[in-house]
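Just so you know, the protein sequences line up as chains A and B, in that order. If you're matching positions, the first sequence starts at 1 in the working numbering and goes up one per residue. If you're matching positions, the second sequence starts at 1 in the working numbering and goes up one per residue. Structure first, commentary second.
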Amino acid sequence: MRRPGDFRARQHPAYWAFLAHRLSGLGLALFLPVHFWALGQALTGADALEDFLRATDQPLFKFAEWGLVVLLGLHMMGGVRLLLIEFGSGTGLRKNWIAGTAGVGVVAGLAFALALAR
Amino acid sequence: MDALLKVRVWRGARDGAFSLYDVPRQESQTVLDVVTHIQRHLEPTLSYRYACRVGMCGSCAMTVNGRPRWTCRTHVAKVADGDTLEIAPLANLPVIKDLATDMSEFFDKWARARGQFQGSATRHEPFATVSPESAERQAANAGIECIGCGVCYASCDVVEWRPEFLGPAALNRAWTLANDVRDVAQRERLRAVAGDVGCHACHTQGSCTERCPKQLQPTVSIAGLKRLAGRAAIRGKL
Chain A
1 MRRPGDFRAR QHPAYWAFLA HRLSGLGLAL FLPVHFWALG QALTGADALE DFLRATDQPL
61 FKFAEWGLVV LLGLHMMGGV RLLLIEFGSG TGLRKNWIAG TAGVGVVAGL AFALALAR
Chain B
1 MDALLKVRVW RGARDGAFSL YDVPRQESQT VLDVVTHIQR HLEPTLSYRY ACRVGMCGSC
61 AMTVNGRPRW TCRTHVAKVA DGDTLEIAPL ANLPVIKDLA TDMSEFFDKW ARARGQFQGS
121 ATRHEPFATV SPESAERQAA NAGIECIGCG VCYASCDVVE WRPEFLGPAA LNRAWTLAND
181 VRDVAQRERL RAVAGDVGCH ACHTQGSCTE RCPKQLQPTV SIAGLKRLAG RAAIRGKL
């Protein structure tokens, strides 16, 4: 039996990878409607789009953009890992790819932060 | 090492509570030794299940400090949190009493996943020749040592979220048979495991593979079934 809130059985890298993949996927799914809405501003004229793009220069938007890049990095690597488990030869939970996912997330985050700072 | 181990043991069925027992510690003591000590010396009405004590029968699995394990092959020294131990019945299975769970549904799912071998040859025909080096035989070998202890089933979040899910052990069994070249019920088996509660419901969390006491990899078996089912669907043979 497992009591609600008891996460002791889930403490292993493959579960963390699942969580990272699921949460980053949800984050990206939430972003998409906003993204399409922003692109849709172009349909109402260049000014509307320009106004919106100017608003995105604010630090809060930049921070959200940084988060987006990190989520993309995590989700992409997590997805490749799942594809390798499901379609690749060989066996195992591909924990090297879990480490790689975390690494790519950190590198993407740092590189984008550097690009923003310049 | 303290002289006494403080052991919290689940008493009751679904509704119940942990009872606390003091058990003398011994060298090389297993969790099953602890439970047996409690039943023989402290709580004669404690219900639990075991048979072989050496990791062959798969009947003594319980939740030890939050994780499903074989109690017979788990040393207290390896899992005790200081001088405390928490022992509960397996998750995802109805509790009959105390540490004994009802495994009927677990094994019924093996049957629903068509976990029975179905051959076509009779005893009058020669033995089938299967090369040990063939890819099918190797894939079957990788999963065939399962003894049905239920640790993977108790670890699986998908079973918890969706109780009809066939679970890692039944799907692993189906995968070993899907690689048995003598079996003639392949299409029926693939249909049985390719539905809503079959292989495609797996979220690849890997808890089954992580916790399997025999280091089997049900995650890999389920991925194999997904590939077979996908290929069959594309060819219109599902």
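Beta carbons: idealized from backbone N, C-alpha and C, even for Gly.
> Residues bridged to Ala88 of chain B by DSSP?
Replying inline: B:Thr63
> On the three-state DSSP scale, how would you describe Asp51 of chain A?
Replying inline: helix
>> Using a Cβ-Cβ distance cut-off of 8 Å, determine whether Val31 of chain B contacts chain A.
In response: no
>> Can you pull out the residues from the stretch 90 to 116 of chain A whose beta carbon lies closer than 8 Å to at least one beta carbon of chain B?
In response: Thr91, Gly92 and Leu93
>> Would you call the stretch 100 to 118 of chain B in contact with the stretch 171 to 189 of chain B, where contact means no fewer than 3 C-beta pairs closer than 8 Å?
In response: yes
> How big is the Cα-Cα spacing for Ala201 of chain B and Gly66 of chain B?
Replying inline: 25 Å
> Given Arg118 of chain A, which residues of its chain have a CB within under 7 Å of its CB, disregarding the five upstream and five downstream residues?
Replying inline: none
> Where in the stretch 71 to 154 of chain B do unbroken runs of the beta strand (DSSP E), each at least 3 residues long, occur, reported from the N-terminal end onward?
Replying inline: 84 to 88 and 95 to 97
> Which one of B:Cys212, B:Lys237 and B:Gly206 has the shortest CA to CA distance from Glu86 of chain A?
Replying inline: B:Gly206
> Under 7 Å Cβ-Cβ, which residues of chain B neighbour Met76 of chain A?
Replying inline: Chain B residues near Met76 of chain A: none, gap ~16 Å exceeds 7 Å.
>> Using the three-state DSSP reduction, which class does Val193 of chain B fall into: helix, strand or coil?
In response: helix
> Taking C-alpha atoms, which residue in B:Asp83, B:Arg112, B:Pro132 and B:Gly167 lies nearest to Ala142 of chain B?
Replying inline: B:Pro132
> Relative to the alpha-carbon of Gln26 of chain B, which residue among B:Glu43, B:Val76 and B:Arg49 has its alpha-carbon at the smallest distance?
Replying inline: B:Val76
> Can you find a C-beta in chain B that's less than 8 Å from the C-beta of Leu82 of chain A?
Replying inline: yes
> Interface residues of chain B around Glu86 of chain A at Cβ under 8 Å?
Replying inline: Thr204, Ala223, Lys226 and Arg227
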